[in-house]
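Quick note on our numbering: the sequence shown kicks off at 345 and runs consecutively.
Every residue gets a Cβ at the ideal spot worked out from N, C-alpha and C, and that includes glycine.
Since this is a predicted model, take the numbers as computed values, not measurements.
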Amino acid sequence: MTSLFVSHSSRDRVPTEKVRDWLRAEGYVALFVDFDPDDGIRAGRDWERELYAQLRKCDGVVFLASAASTTSRWCFAEVSLARALGKAVIPVRVEPGARLDLLDDVQWIDLADGDPALSRLRRGLLAAGLDPFESFAWDPNRAPYPGLRPFEAEDAAVFFGRGPEVGRLLELLQPTLQRGTGRFIGIVGPSGSGKSSLMRAGLLPRMARLNQRWVILPPLRPGSNPRQQLAACLADSFGVHGGMYTRVDLATRLEQGPKALFDLAIELAELNGSPGSERPKVLVVIDQAEELLTLTGPREQEAFLQLLAGAVTRERSPLWVVATVRSEFLSTAPGRAGLCEAMNDSLVVEPLSRSRLSQVIAGPAQRAGVDFEPGLIERIAQDAEQGDALPLLAYTLRVLYERIGVDGRIDGSDYETVGGVVGALTRRADQILDELTRRGLGAKVLPTLLKLVSVEQHGEPTRRRVQRRSLAPDERTVVDTFVEARLLTSAADTTTTDDGHRADDGVQGAVDVAHEALLRQWPPLRTAIDAAREWLQLRSELDRLAADWEQAGADESFLLRGRRLAVFDRWPEDRLRDLTPLERRFLERSRELAARELQTAQRSNRRLRTLVGGLAVFLVLALGAGAIAWQQNQEAQKQADLALSRQLAAAADRLVDSQPHTAILAGLHSLGVGAESAEPAPGLITALARVTHPSKMLLGHTGQVHGVAFSPDGKLLASGGGDTTVRLWDAATGHERHTLPGKAEVWGVEFSPEGHLLAAGDSGGTIRIWDPGTGRPEGAALEHGAWVWDVAFSPDGRFLASAGGDGQVKVWDITSHRLRGSPLTGTDGAVYGVAFSRTGVVAAAGEDGIVRTYDPESGKLLKEFVNGEKVLAVAFSPDGRILAAGGTGKDTRLWEARTGKALGGPLASHGEEVRGLAFSPDGRLVASSNADHTVTLWTVASRQAAGLPLLGSTQDVEGVSFSPDGSALATAGWDGAVRLWDVAETNSVSRAYPGHMDYVQDVAMSAVGGVMATASVDGTAQLWDVPSMRPRGPALPHNSEVNAVAFSPDGHTLASVGGDGVLKLWNAGTGRLQGPPSRPAGS
345 MTSLFVSHSS
355 RDRVPTEKVR
365 DWLRAEGYVA
375 LFVDFDPDDG
385 IRAGRDWERE
395 LYAQLRKCDG
405 VVFLASAAST
415 TSRWCFAEVS
425 LARALGKAVI
435 PVRVEPGARL
445 DLLDDVQWID
455 LADGDPALSR
465 LRRGLLAAGL
475 DPFESFAWDP
485 NRAPYPGLRP
495 FEAEDAAVFF
505 GRGPEVGRLL
515 ELLQPTLQRG
525 TGRFIGIVGP
535 SGSGKSSLMR
545 AGLLPRMARL
555 NQRWVILPPL
565 RPGSNPRQQL
575 AACLADSFGV
585 HGGMYTRVDL
595 ATRLEQGPKA
605 LFDLAIELAE
615 LNGSPGSERP
625 KVLVVIDQAE
635 ELLTLTGPRE
645 QEAFLQLLAG
655 AVTRERSPLW
665 VVATVRSEFL
675 STAPGRAGLC
685 EAMNDSLVVE
695 PLSRSRLSQV
705 IAGPAQRAGV
715 DFEPGLIERI
725 AQDAEQGDAL
735 PLLAYTLRVL
745 YERIGVDGRI
755 DGSDYETVGG
765 VVGALTRRAD
775 QILDELTRRG
785 LGAKVLPTLL
795 KLVSVEQHGE
805 PTRRRVQRRS
815 LAPDERTVVD
825 TFVEARLLTS
835 AADTTTTDDG
845 HRADDGVQGA
855 VDVAHEALLR
865 QWPPLRTAID
875 AAREWLQLRS
885 ELDRLAADWE
895 QAGADESFLL
905 RGRRLAVFDR
915 WPEDRLRDLT
925 PLERRFLERS
935 RELAARELQT
945 AQRSNRRLRT
955 LVGGLAVFLV
965 LALGAGAIAW
975 QQNQEAQKQA
985 DLALSRQLAA
995 AADRLVDSQP
1005 HTAILAGLHS
1015 LGVGAESAEP
1025 APGLITALAR
1035 VTHPSKMLLG
1045 HTGQVHGVAF
1055 SPDGKLLASG
1065 GGDTTVRLWD
1075 AATGHERHTL
1085 PGKAEVWGVE
1095 FSPEGHLLAA
1105 GDSGGTIRIW
1115 DPGTGRPEGA
1125 ALEHGAWVWD
1135 VAFSPDGRFL
1145 ASAGGDGQVK
1155 VWDITSHRLR
1165 GSPLTGTDGA
1175 VYGVAFSRTG
1185 VVAAAGEDGI
1195 VRTYDPESGK
1205 LLKEFVNGEK
1215 VLAVAFSPDG
1225 RILAAGGTGK
1235 DTRLWEARTG
1245 KALGGPLASH
1255 GEEVRGLAFS
1265 PDGRLVASSN
1275 ADHTVTLWTV
1285 ASRQAAGLPL
1295 LGSTQDVEGV
1305 SFSPDGSALA
1315 TAGWDGAVRL
1325 WDVAETNSVS
1335 RAYPGHMDYV
1345 QDVAMSAVGG
1355 VMATASVDGT
1365 AQLWDVPSMR
1375 PRGPALPHNS
1385 EVNAVAFSPD
1395 GHTLASVGGD
1405 GVLKLWNAGT
1415 GRLQGPPSRP
1425 AGS
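Here it is, written out as structure tokens:
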């Protein structure tokens, strides 16, 4: 953030006012001029102390030089202090000949030069990093630390640590030829990563400065009725132009669908546009979009997302959407897929590194004139690296600030008194519990707070907004006490009056948890949530169903029935009393409907019993007719089974290429339901031939799986994925042993050589290390500072290398958890893969298309292996002699690691990019995983595929790892599955002879046993040794496709004929051409 201090003499008021006005016009709103009535020294303040305080708070100083200021001891002291504090000082000469020796080392600007001088001043400020776009005014009456609440637009001047993310969001919100017009941008990250603050205090204040180009709607939280919330935001925006529509009017319009929202956005844009200028865009701002999944009913959720997506994607739409959402709620699961599918682009908000956490602490302190004891900022930042870092840090800083106030000093004793980062929140909550217990309300605290909790199945608890009017008096007392401590929030009610305006009286209102960290970090509440988890899940479901019922006008088709209703009837009455009035009405109506339906069924049963007697009369007649009908039914069933068998056989044929395992199931089922004479579907036979490596799936991850690794003894398998967890599996049984939680997507996992440690790198820039036997962390996490794509242990296990999105490989000492030497640099872009050779050489796979090898001790660059396109994976052979690399070039390349010499050309092209590589323990095979959902095993010596690809994954395959004995291969799939494959081929109905590059058109068997010939569209014939499945010599070339092959009766000669009519005769033993080619007459 940019804040300027203007140093001047009181005798130079006129030029000072001129420079001040110019700076404000340029956008420098955080500007201190001592005599200014708004931004200067306020009445009653200590003049000298205030000047020096403002100097410490500013980022740069503009010194106005005149005869008076250059001889003023006050100006000299201001400039001296600014230089001592490391502030940028830009001297502007406002009087000819003025100079100050202290500033002879910097370039001066002469105001007498007029506009050119002001242009130079602008360039000088920008060159010093003092950008007006980053200059925001700040009210010193506001606390610089908001606690558990998010930073708001008014806090932009004290919002630090997210500069790159703000820049990326502004870039995503710029229309381009690639992005088109309207877009839906997601700000995605785990709870506690600061998404709301990034949007509210980072993005929106900067967007507001582009007011000629954007109309920004007030931020909304979806709640149970997101379309009503959107209508309220639109009403506020139209209200600026005279209240053209009420909230009710707009809600009615929005029910008409995406076209109505599109039209409203056009209308709002035109109201805010200027004649002759480009029409502005309209930005819908959604905070905590996960409420669509936790609080909104399924029907309303679907309608709202369709409303936004339909309006955004219309041609020339001015509508854009930006939304924050917790990453664990983005999923392709049916109940959650809509939110993920609606987003066009996303920014992943990673946890802050220690250096950026220091900015979060120090930046606001500088603005507020708060001093920290030397070393305390670093200590607090280190303490904040674990758990819910940002919310706990924010709460601790707010408590510390309230102890010392503006221009105060925070020392270590203050920090320890409040309990530190980890203890401040829990200590305050404990104090409130003790206080309420003394007042006789202790037993009410946890039940009341549980009303503010929502729980999804297998998910972390989330906040639940409750209306104050639904709380009993004692419960309101509990809530108010927590609100005073800023652990809960209380806001005006958002219900509407009859005229469509929002109600806002002091008695009503909504209560909410200030931050979900309270639900996770305060042990009494966390224990209560775990104990009541089943009920909380059920109540959360009831919240959404009741909201849908209300939105549908109390339509009976939305009510509960049967088993779903019975579940609630089994709960004790005290649980049901916790429900809201809407939920109780929903249950009552469901029970009334069930009672009516039961009565109707009972009446029907009585009528049926009356009919039974009459039906008995017809029984004898019916038996005779039934015999005939049975015979006809049997024939009809037989025809239906045959039709179903044919449908299943056709499905097997369709699925054989994309999903061979499913094709096998469909083919086998077609045989089961078909007649005895039914033949196997061609798709079944082909799929059985293609599935040559049996596999089993290990299921547990709830997102994409990126990395896998076997333990050195082969007993454990580790996997890491997009659900932020590392999972440990029993490699023999496939049972899950441990789930190791994290804070960001896990991309690389690796066991140490002795198997005592497991390391994982994540998208938050963190490397975590565990004891795989116990699942417990081993020491503090390592901070790379950027996205960690891969990790690798050194052969002796003493060091760990991390590949970062910052283009660096960092090598860590495992014992001390410190960096070993300087980072290994040179890559232009991210480093996606890292590997150690047997001799300790480090290889790095670069986004710039180059694999680099380093001596990790000296940091010296050893070799560069040019791949040509982005390199995503790298691996050394077990003996360290061969280096393999693959990436977006869709092939795998092998080099001699020592000399850099290429070992032949690239391995045969893949259909898609190569995502992962691994050598077998004996170095005979190398496995490559691909974005075409397959894995290929290559024989290193022959550089040929060792059989058919491994088929079965339904999405991209990323990480690969051989078991220590080489018998199994583990793969990580984007379909959320870890698969264990047998490396040895298992042939069922046929065996594959891979080698041709195009269709095979003819096959011939020799009378001499064990020899086969094939003809292919790729322009070659090939002799094969049948038992070994290997080619007998090189391919036999033609100048066109080869249509047919045939052996002579004695098997000694092979004839092949091409599409051009040319006939060639070959020695079947040697593969040599026998005589010149010929073209038979009439060919």
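Compute the distance between the beta-carbons of residue i and residue j, then report whether it is under 9 Å.
{"i": "residue 289", "j": "residue 594", "result": "Past the edges of the chain, shown from 345 to 1427, lies residue 289, and the structure says nothing about it."}
{"i": "residue 666", "j": "residue 636", "result": "no"}
{"i": "residue 1060", "j": "residue 1072", "result": "yes"}
{"i": "residue 883", "j": "residue 645", "result": "no"}
{"i": "residue 1358", "j": "residue 1389", "result": "yes"}
{"i": "residue 413", "j": "residue 442", "result": "yes"}
{"i": "residue 473", "j": "residue 433", "result": "no"}
Ordered along the chain, which non-local residues of its own chain (more than five positions away) have a Cβ less than 7 Å from that of residue i?
{"i": "residue 1233", "result": "1211, 1212 and 1213"}
{"i": "residue 1384", "result": "1363, 1402, 1403 and 1404"}
{"i": "residue 489", "result": "708, 738, 741, 742 and 745"}
{"i": "residue 890", "result": "926, 927 and 930"}
{"i": "residue 1412", "result": "1350, 1355, 1367, 1391, 1395, 1396, 1397 and 1398"}
{"i": "residue 735", "result": "492, 536, 859 and 861"}
{"i": "residue 577", "result": "561, 562 and 564"}
{"i": "residue 606", "result": "655, 658, 661 and 663"}
Quick one: give me the first and last residue of the alpha helix (DSSP H) that residue i is part of.
{"i": "residue 1259", "result": "Residue 1259 -> not in any alpha helix (DSSP H); beta strand (DSSP E) instead, spanning 1258-1263."}
{"i": "residue 551", "result": "548-552"}
{"i": "residue 817", "result": "817-828"}
{"i": "residue 468", "result": "459-471"}
{"i": "residue 358", "result": "357-369"}
{"i": "residue 610", "result": "602-616"}
{"i": "residue 538", "result": "It is not in any alpha helix (DSSP H) - residue 538 carries neither H nor E in the DSSP assignment."}
List the whole-angstrom C-beta distance separating residue i from residue j, where the pair is believed to meet the contact cut-off of C-beta under 8 Å.
{"i": "residue 550", "j": "residue 477", "result": "7 Å"}
{"i": "residue 693", "j": "residue 542", "result": "6 Å"}
{"i": "residue 347", "j": "residue 401", "result": "6 Å"}
{"i": "residue 376", "j": "residue 349", "result": "5 Å"}
Once the 5 residues before and after residue i are set aside, which same chain residues still bring their CB inside 6 Å of it?
{"i": "residue 1416", "result": "none"}
{"i": "residue 763", "result": "771"}
{"i": "residue 1207", "result": "1197 and 1244"}
{"i": "residue 1150", "result": "1130"}
{"i": "residue 1134", "result": "1092, 1147, 1177 and 1178"}
{"i": "residue 528", "result": "656, 665, 686, 687 and 688"}
{"i": "residue 373", "result": "479 and 481"}
Check for me: the beta strand (DSSP E) holding residue i runs from which residue to which?
{"i": "residue 1345", "result": "1344-1349"}
{"i": "residue 1458", "result": "The chain is shown only over 345 to 1427; residue 1458 falls outside these bounds and no answer can be derived."}
{"i": "residue 503", "result": "Segment: none, residue 503 is in no beta strand (DSSP E) and carries neither H nor E."}
{"i": "residue 1463", "result": "Since the first and last residues shown for the chain are 345 and 1427, residue 1463 lies out of range."}
Skipping 5 residues on each side, what residues in its chain have a beta carbon closer than 8 Å to that of residue i?
{"i": "residue 496", "result": "490, 544 and 545"}
{"i": "residue 580", "result": "561 and 562"}
{"i": "residue 648", "result": "566, 570, 571, 574, 636 and 640"}
{"i": "residue 1285", "result": "1268"}
{"i": "residue 1419", "result": "1409"}
Nearest by alpha-carbon distance to residue i: which of the options is it?
{"i": "residue 871", "options": "415, 914, 428 and 793", "result": "793"}
{"i": "residue 1179", "options": "1217, 502 and 1040", "result": "1217"}
{"i": "residue 776", "options": "766, 788 and 765", "result": "788"}
{"i": "residue 1050", "options": "1056, 514 and 1065", "result": "1065"}
{"i": "residue 718", "options": "759, 463 and 408", "result": "759"}
{"i": "residue 905", "options": "894, 919, 897 and 932", "result": "932"}
{"i": "residue 886", "options": "370, 911 and 1305", "result": "911"}
Counting only beta-carbon atoms, is residue i nearer than 9 Å to chain D?
{"i": "residue 457", "result": "This model lacks chain D altogether; it includes just one protein chain."}
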